[in-house]
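Data first, discussion second: the structure below is written as structure tokens.
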Amino acid sequence: METFSDIDRVDVGRVKGAYGVKGFLRVESLSDVPERFAVGSKIFLGNSQSIVENFFWQNDSLILKLDCINDRDDALSFKGTVLKIGIDQVVSLPDGHYFHFQILGMQVHSKDGENLGKIVEILNTGTNDVYIVKGTDSKELLIPAIPEVVQNIDLDSNLMTINLLDGLIN
């Protein structure tokens, strides 16, 4: 098993427990890319990189066998551990679409240059996401992720510029 630091990794699952006696993990998938867990895929378990040997779905749980775990006790020791992949394994999105990990922590400014705070959470509402922005005064703003509001996202500068529509801020 190779070991790496936690930089440049993306969460894809959380170990809920063991499955059976041969080292299978019961995992809550945090990924919307099912082939992410295909046999031969590389997954980080803690700081160690492992290879997926087998996987299948059972109800809402992913059952996953990694090359580094061979019995139930080993599997149980990883309960609560977050599974990650390298950022280089993330699929590309079309222009104008972003992963949550790219948006979280981003600074938000009005188009007039006013610093409104930092994105601390993203709510999935069904029709569009809503960014929760925490200001320096600890007040939270709810910013809808719609084109009329979000004017620009600059990943290099970690900055989102928004248009403050009437009624968006009390």
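Numbering (the working numbering), first residue to last: 361 to 530.
From the three backbone atoms N, C-alpha and C, an ideal C-beta is built for every residue, glycine too.
Are there 16 or more other CB atoms within 10 angstroms of the CB of residue i, so buried, or fewer, so exposed?
i, result
"Ile447", "exposed"
"Lys499", "exposed"
"Phe397", "buried"
"Phe415", "buried"
"Glu362", "Note that Glu362 has pLDDT 44, beneath the 50 cutoff, so the model's placement of it is unreliable and the number below is only indicative. Glu362 is exposed by the Cβ-count criterion."
"Asp366", "Confidence at Asp366 is low in this model, with a pLDDT of 49, below 50, so the placement of that residue is unreliable and no value is reported for it."
Just tell me which of the options has its CA closest to the CA of residue i.
i, options, result
"Leu424", "Gly377, Lys478, Val493, Thr496", "Gly377"
"Glu388", "Ser421, Lys444, Val370, Glu413", "Ser421"
"Asn407", "Arg369, Val393, Pro394", "Arg369"
"Ser391", "Pro504, Gly527, Leu443", "Leu443"
"His460", "Leu528, Pro394, Ile513, Val399", "Ile513"
"Val493", "Arg386, Leu528, Pro454", "Leu528"
"Gly465", "Ser517, Glu395, Ile411", "Ser517"
For residue i, which beta-bridge partners are listed by DSSP?
i, result
"Tyr379", "Phe384"
"Phe415", "Leu424"
At least 3 beta-carbon pairs within less than 8 angstroms: the region 426–446 vs the region 381–389: Segment contact: the region 426–446 against the region 381–389, three or more CB-CB distances shorter than 8 angstroms; contact assigned.
Cβ pair count under 8 angstroms reaching 3, the region 400–407 against the region 468–485: Not touching, per the Cβ criterion.
Segments assigned beta strand (DSSP E), at least 3 residues, entirely inside the region 465–495: Those beta strand (DSSP E) runs which fall completely within the region 465–495 and span 3+ residues are 467–470, 475–484, 489–494.
At least three beta-carbon pairs within less than 8 angstroms, the region 509–523 to the region 461–472: Two segments are said to touch when three or more pairs of C-beta atoms, one from each, lie closer than 8 angstroms; by this definition the region 509–523 touches the region 461–472.
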